[in-house]
Amino acid sequence: FFSPLRYQAPEKELECEQQATLEEIVANGLKIQTYRWGDANKPYVLVMHGWAGRATQFRKFIPELIAAGYQVVGFDGPAHGKSSGKRTTILEFETALKMVVARWGIPAAAIAHSFGGGALLFSIMNGLPVKKLVNIASPTMADEIIKSYLRAINGSWKTGQRFKKLIEKKYGKPFEEFTAMHFIEHIKGLDLLLVHDGEDKDVPIIQAEKLLEKYPARLLRTSGLGHHRILKDEHVITACIDFIRN
């Protein structure tokens, strides 16, 4: 569970990477590959990919954010993309996020996909200075996260229970305390937009709906985009940028 697959980036993402200014930073002894697009004098939007993802998955967002007056900073999380490491957790993502903010300063906003949304909420709960966040297709509920994991590995419910016990033994806290439903209880003053597709089979929309019951976020519902194509949709990108600008 702690070892993400590294998928090969498609050609269009490699083109996006070639347009970036690359810089390596160090977090917890790991080399973290960072990317920056646009005018370095502009305020920046931080983008955070999901599990087994890459910063360049936001390639459709980047030119639109630049046109809106921002630069864009992203990074490959620990054990992801071109960063080092073989195993990682939300704790290592938090450390990397803090190092990125230490390097580039406080972002104007952040946009996160899937697991990246939980990593940002966890980091914000622990003091990361982000006041405006877009979470796209992000998991929030312990049982639903376990179900998604079991579907991916064709595992049994018993396997899921063993995993939860492993987390508790390793970190001294129940798995529920490492989910967005817990983080959000300790966050105030965050301007939060949730974007979720009604046909997302990886992370069902009920997870966003349940978070809305705990926090005064906004929810943009889409249809027919699923879990990944939502990052490429023109209307989603426009709505996210409008939210950030306003």
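Our numbering puts the first residue of the sequence shown at 127, with every later residue one more than the last. No residue lacks a Cβ here, since even glycine has one placed at the ideal position from N, Cα and C.
To test your reading of the DSSP string, which unbroken alpha helix (DSSP H) runs of 4 or more residues are found completely within the segment 237-298? 241-251, 268-279 and 283-297
Residue from C142, G203 and Q197 whose Cα sits closest to the Cα of G164: Q197
Give a yes or no on contact between the segment 249-260 and the segment 270-279, applying the rule of three or more CB pairs nearer than 8 Å. no
Alpha helix (DSSP H) segment containing T221, residue limits: Annotation: the continuous alpha helix (DSSP H) that includes T221 extends over I216 to W230.
If distances are taken between C-alpha atoms only, which option among L148, G211, L337 and P300 comes closest to I310? L337
In whole angstroms, what is the alpha-carbon distance linking I331 and E325? 8 Å
Strand pairing of K157, partner residues [DSSP]: V152
Quick check on D368: does DSSP put it in helix, strand or coil? helix
Residue from N167, K284, P204 and F289 with nearest C-alpha to P233: N167
Minimum C-alpha distance to L123 - residue among E139, G195, H206 and A306: Here the chain comprises residues numbered 127 to 372, so residue 123 is not present and cannot be evaluated.
If we count Cβ pairs, one from each stretch, closer than 8 Å, do we get three or more for the segment 286-306 versus the segment 261-275? yes
How far does the alpha helix (DSSP H) with H308 in it reach, from first residue to last? A306 to F309
When the Cβ atoms of the segment 350-366 are set against those of the segment 296-304, are three or more pairs found closer than 8 Å? Segments in contact, no.
Residues of its chain near K224, where Cβ-Cβ distance is below 6 Å and the 5 sequence neighbours each way are ignored: No residues qualify anywhere along the chain.
Can you grab the Cα-Cα spacing for the pair R229 / S282, in whole Å? Between R229 and S282, the alpha-carbon positions lie close to 43 Å from each other.
Take every Cβ of the segment 167-185, pair it with every Cβ of the segment 133-147, and state whether three or more of those distances are shorter than 8 Å. yes
Check Q197 in the structure and name its three-state DSSP category. In the three-state reduction of the DSSP assignment, Q197 falls in the strand class.
Simplified DSSP assignment, three categories, for H361: helix
Those residues which DSSP pairs with D323 across a bridge: T348
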